[in-house]
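**Q**
Number of protein chains: 2
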Amino acid sequence: MSRHIAGPEIERLIQLLARLPGLGPRSARRAALHLVKKKEALLEPLGKAFADAAQNVRVCATCGNIDTSDPCTVCCDATRDSGTLIVVEDVSDLWALERVGSVRAAYHVLGGRLSPLDGVGPEDLNIKQLLTRIEAGGVKEVILALNATVEGQTTAHYITDMLSGFDVRITRLAHGVPVGGELDYLDEGTLAAALQARTAL
Amino acid sequence: MSRHIAGPEIERLIQLLARLPGLGPRSARRAALHLVKKKEALLEPLGKAFADAAQNVRVCATCGNIDTSDPCTVCCDATRDSGTLIVVEDVSDLWALERVGSVRAAYHVLGGRLSPLDGVGPEDLNIKQLLTRIEAGGVKEVILALNATVEGQTTAHYITDMLSGFDVRITRLAHGVPVGGELDYLDEGTLAAALQARTAL
């Protein structure tokens, strides 16, 4: 706000809320007002939820996932097939794959992708721990579920090289036409990949 | 999330964040992940900001504004013209008018509008306190900055009736073409009002 029309606590609330992804200055104001109006129902519980999360959040030493326990909820889940390891760049990718729910595998979160321009090298990623897990045995397949970007694919190649000495099957996600997508709107790279990987009907 | 893939503290954070205006389930997940990744920079400060706000938030006994002090920041501002009282439905309207910043007046927040269908009568609004302020003297003009809806205008009429015995000028916001608006897209009611209230060039 240009002038002070609310107390410093509310101004600070707006400032911090505006730093959340998906909230701009306008929606942060709207959210802050909603919060102070619903003190018992929302402001206090959220304050407590924030404090609880801040106290308990940690990085899983096994897979690099961010959770409130270590080992994390996914690593602790005994119903998963620990012989299949899905390598993802980020926790958000793990959450996205879990929403699909079609594979009950273990995960490994790299915490980023190789990016020489941004100064991100192999030692900045959670790759050493990935090798340790595979050396420990039991892993039969590593699914590289990395982004289909140049950096994601560079990272995939690097990991493939590192794992070449191990007796594990290395796979990556298929490229192709998104379900519900129209050919006319697709880029040439995706179309070419979809043609090449065509399947028999 | 369909299955438990994160600890209960994170799941609860997502649930509560999704109840903020402007955040759906998807953006709440994104915000929660952003928060737990930025524990020191965002999660902890926001938790503290929520607790501070929850502890200090109160309704101003003078004007009905929601703030962290009573009297509120606006009522405490000695540079304002206390002879002009802008009556608004909600705190968000007060904030919106303050963003304009063209009038340095005092405010009065009704906390809603008359709505027989929703069971909101005059006694549910902050109208008695408005009369008390005007009886105390010093108010020369009351600007009814209520929404241009049926309920807002009903409320305006009611307040005009209540104030008929006092020696105060009662005004309302002008109707007309929004600045930057195109006539072709405007409703008939607005166009008729704009024609009727036309001004000489």
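As given, the protein sequences belong to chains A and B, one line each in that order.
Taking our numbering, the leading residue of the first sequence gets 1206, the next gets one more, and so forth.
Taking our numbering, the leading residue of the second sequence gets 1206, the next gets one more, and so forth.
A virtual CB, placed ideally from N, CA and C, is assigned to each residue, including glycine.
Does any residue of chain B bring its CB to less than 8 angstroms from the CB of Val1314(A)?
**A** Chain B contact via Cβ: absent.
**Q** Can you tell me whether Leu1221(B) is buried or exposed, with buried defined as 16 or more other CB within 10 angstroms of its CB?
**A** Under this definition Leu1221(B) is a buried residue.
**Q** Which term fits Gly1394(A), buried or exposed, when burial requires 16 or more other beta carbons within 10 angstroms of its beta carbon?
**A** Per the 10 Å Cβ criterion, exposed.
**Q** So the candidates are Val1382(B), Asp1392(B), Lys1244(B) and Val1262(B); which of them puts its Cα closest to the Cα of Arg1172(B)?
**A** Lying outside 1206 to 1406, the shown extent of chain B, residue 1172(B) is not represented and no answer is given.
**Q** If you measure from the beta carbon of Ser1369(A) to each beta carbon in chain B, is any gap under 8 angstroms?
**A** Not one chain B Cβ lies under 8 angstroms of Ser1369(A).
**Q** Under 8 angstroms between beta-carbons, which chain A residues line up against Ala1256(B)? List them in chain order, please.
**A** What Ala1256(B) touches in chain A: Gly1252 and Ala1256.
**Q** State the Cα-Cα distance for the pair Leu1319(A) and Thr1267(B), rounded to the nearest angstrom.
**A** Near 59 angstroms, if we compare the C-alpha coordinates of Thr1267(B) and Leu1319(A).
**Q** Which chain A residues are close to Val1279(B), counting only those with a beta carbon under 7 angstroms from its beta carbon?
**A** Those are Ile1210, listed as they occur along chain A.
**Q** According to DSSP, what are the bridge partners of Glu1356(A)?
**A** BP columns for Glu1356(A) are empty, so no partner.
**Q** Check whether the Cβ of Ile1271(B) lies closer than 8 angstroms to any Cβ atom in chain A.
**A** Ile1271(B) counts as touching chain A.
**Q** Indicate whether Val1314(B) and Val1325(B) have their beta-carbon atoms separated by less than 8 angstroms.
**A** No, these two residues do not count as a Cβ contact at 8 angstroms.
**Q** If you count every other CB in all the chains shown that lies within 10 Å of the CB of Gly1269(B), and 16 or more means buried, which is it?
**A** Flag for Gly1269(B) reads buried.
**Q** Cβ atoms of Val1347(B) and Val1305(B): under 8 angstroms apart, would you say?
**A** No.
**Q** Hey, out of Phe1371(A), Ser1274(A) and Pro1327(A), whose CA is closest to His1209(B)'s CA?
**A** When only C-alpha atoms are compared, the closest one is Ser1274(A).
**Q** When you compare only the Cα positions, how much space is there between Pro1276(B) and Cys1265(B)?
**A** If you take the alpha carbons of Pro1276(B) and Cys1265(B), they lie about 5 angstroms apart.
**Q** Are Asp1171(A) and Arg1263(A) close, meaning C-beta to C-beta below 8 angstroms?
**A** Any question about residue 1171(A) goes unanswered here, given that chain A covers just 1206 to 1406.
**Q** Whole-angstrom Cβ separation of Leu1247(A) and Leu1240(A), contact assumed at under 8 angstroms?
**A** Going by Cβ atoms, the distance from Leu1247(A) to Leu1240(A) rounds to 6 angstroms, so yes, they are a contact pair.
**Q** Using a Cβ-Cβ cut-off of less than 9 angstroms, list which residues of the region 1314-1335 of chain B approach chain A; keep chain order.
**A** Cβ contacts with chain A: none found.
**Q** Within 10 angstroms of its Cβ, does Asp1168(B) collect 16 or more other Cβ (buried), or is it exposed?
**A** Past the edges of chain B, shown from 1206 to 1406, lies residue 1168(B), and the structure says nothing about it.
**Q** Rounded to the nearest angstrom, how far is the Cβ of Leu1228(B) from that of Phe1255(A), given a contact under 8 angstroms?
**A** Their Cβ separation, rounded to whole angstroms, is 15 angstroms, which puts Leu1228(B) and Phe1255(A) out of contact at 8 angstroms.
**Q** My output table needs one value for Val1292(B): the three-state DSSP class, helix, strand or coil.
**A** Val1292(B) falls in the strand class under three-state DSSP.
**Q** Just to check my reading of the structure: Pro1213(A) and Ala1223(A) have Cβ atoms closer than 8 angstroms, yes? What is that Cβ distance to the nearest angstrom?
**A** Rounded, the Cβ-Cβ distance is 16 angstroms, inconsistent with contact.
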